[in-house]
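Novice: Counting from 48, one number per residue, gives the positions in the sequence shown under our numbering. Take this structure first; my questions come after.
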Amino acid sequence: MKNSLTSICGAIVATAVVLFSCGKPASDASAKFEANSATIAQVFADFEAESDDFFTHFNAEAVWRGTGLNAPDTVTLEQVTAKYKAAWSKYDYELVSPTNFLPGVNPQTKAVDGSVRGYFEWNISKAATDSTEAKSVRVKVYESFDFNPDGEIMYTQVYGNLAAGYAYLDE
Numbered sequence: 048m049k050n051s052l053t054s055i056c057g058a059i060v061a062t063a064v065v066l067f068s069c070g071k072p073a074s075d076a077s078a079k080f081e082a083n084s085a086t087i088a089q090v091f092a093d094f095e096a097e098s099d100d101f102f103t104h105f106n107a108e109a110v111w112r113g114t115g116l117n118a119p120d121t122v123t124l125e126q127v128t129a130k131y132k133a134a135w136s137k138y139d140y141e142l143v144s145p146t147n148f149l150p151g152v153n154p155q156t157k158a159v160d161g162s163v164r165g166y167f168e169w170n171i172s173k174a175a176t177d178s179t180e181a182k183s184v185r186v187k188v189y190e191s192f193d194f195n196p197d198g199e200i201m202y203t204q205v206y207g208n209l210a211a212g213y214a215y216l217d218e
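What follows is the structure in structure tokens.
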């Protein structure tokens with residue numbers, strides 16, 4: 048009886064230790080995810096506003112994974128800055144879907160790590176000119192954002208058929 052009581056007490060203590068020790072990292076990851084989600088909400092607002100503040104959310108060493116046809120493996124912040132500024136001069140962007148941010152996981156450990164993912168729909172439009180009508184297209188994308196400990200974006204991926212959208216707008 049004494050051994051079984053000791054075993055039960057030991058199991059209860061072990062369970063409590065596991066539950067309470069697991070609680071803190073999950074809450075830390077949850078807090079990071081919430082803070083990083085707020086950053087991405089601001090990133091999207093700055094992008095729509097075509098504001099240079101957009102670029103302040105990224106670490107100077109940030110990279111984008113090239114996901115388009117024949118795209119390079121990585122694209123630097125400097126390259127993205129030039130491309131986005133050129134795109135902003137030609138197109139207008141509006142996020143038309145709700146921002147339902149999803150927590151990302153570490154690819155090795157599968158543990159929630161504070162990164163932010165999501166499926167979004169963007170309306171991209173091009174103003175009319177003397178010889179062309181205004182056009183717009185909706186593009187559905189999957190985006191992911193990984194952060195450093197300082198809350199700066201270090202790694203971004205954008206999957207969607209943006210090239211087809213731009214081709215339609217430019218035809």
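Note that beta-carbon positions come from the ideal geometry of N, C-alpha and C, so glycine has one too.
1) Return the first residue and the last residue of the beta strand (DSSP E) that Lys-132 is part of.
2) Can you find the residues in the same chain that come closer than 7 angstroms, C-beta to C-beta, to Cys-69, ignoring five residues on each side of it along the sequence?
3) Would you kindly work out how many angstroms separate the C-alpha atoms of Thr-146 and Asp-75, rounded to a whole number?
4) Rounded C-beta distance between Ser-162 and Asn-83? I'm assuming under 8 angstroms.
5) What does DSSP give as the partner residues of Glu-182 in its beta bridges?
6) Under 8 angstroms, do Ala-214 and Gly-115 count as touching if we go by C-beta distance?
7) If you check the beta carbons only, do Glu-81 and Glu-141 fall under 8 angstroms apart?
8) Of the residues Val-186, Ala-78 and Trp-111, which one's Cα is nearest the Cα of Asp-193?
9) Which residue comes first and which comes last in the alpha helix (DSSP H) that contains Ala-107?
10) For Leu-142, name the three-state secondary structure that DSSP assigns.
11) Can you give the beta carbon distance from Val-186 to Ile-171, rounded, assuming they're within the 8 angstroms contact cut?
Specialist: According to the data block:
1) Taking the first residue of the sequence shown as position 1, residue 132 is located at position 85. Counting along the chain, Lys-132 falls outside any beta strand (DSSP E), though it belongs to the alpha helix (DSSP H) covering 124-137.
2) Position 22 of the sequence shown, counting from 1, holds the residue named residue 69. Here Cys-69 scores only 47 on pLDDT, less than 50, and its place in the model should not be relied on; the value that follows carries that caveat. So the list is empty, once near-sequence residues are dropped.
3) In the sequence shown, residue 146 corresponds to position 99, counting from 1. In the sequence shown, residue 75 corresponds to position 28, counting from 1. Going from the Cα of Thr-146 to the Cα of Asp-75 covers about 22 angstroms.
4) Taking the first residue of the sequence shown as 1, we reach residue 162 at position 115. Taking the first residue of the sequence shown as 1, we reach residue 83 at position 36. Confirmed, Cβ separation roughly 7 angstroms.
5) Locating residue 182 in the sequence shown gives position 135, where the first residue counts as 1. Note on residue identity: the sequence assigns Lys, not Glu, to residue 182. Lys-182 is bridged to Lys-173.
6) On the sequence shown, position 167 is the one that residue 214 refers to. On the sequence shown, position 68 is the one that residue 115 refers to. The answer is no: Cβ separation not under 8 angstroms.
7) By one-based count along the sequence shown, residue 81 stands at place 34. By one-based count along the sequence shown, residue 141 stands at place 94. Taking 8 angstroms as the Cβ cut-off, Glu-81 and Glu-141 do not qualify as a contacting pair.
8) Walking along the sequence shown from the start, residue 193 turns up at place 146. Of the candidates Val-186, Ala-78 and Trp-111, the one whose C-alpha sits nearest the C-alpha of Asp-193 is Trp-111.
9) Translated into the one-based positions of the sequence shown, residue 107 becomes position 60. Not the alpha helix (DSSP H): Ala-107 falls in the beta strand (DSSP E), residues 105-112.
10) Here the question's residue 142 lines up with position 95 in the sequence shown. Strand, per DSSP.
11) Reading the sequence shown from its first residue, position 139 is the one you call residue 186. Reading the sequence shown from its first residue, position 124 is the one you call residue 171. So it is a contact: roughly 6 angstroms between Cβ atoms.
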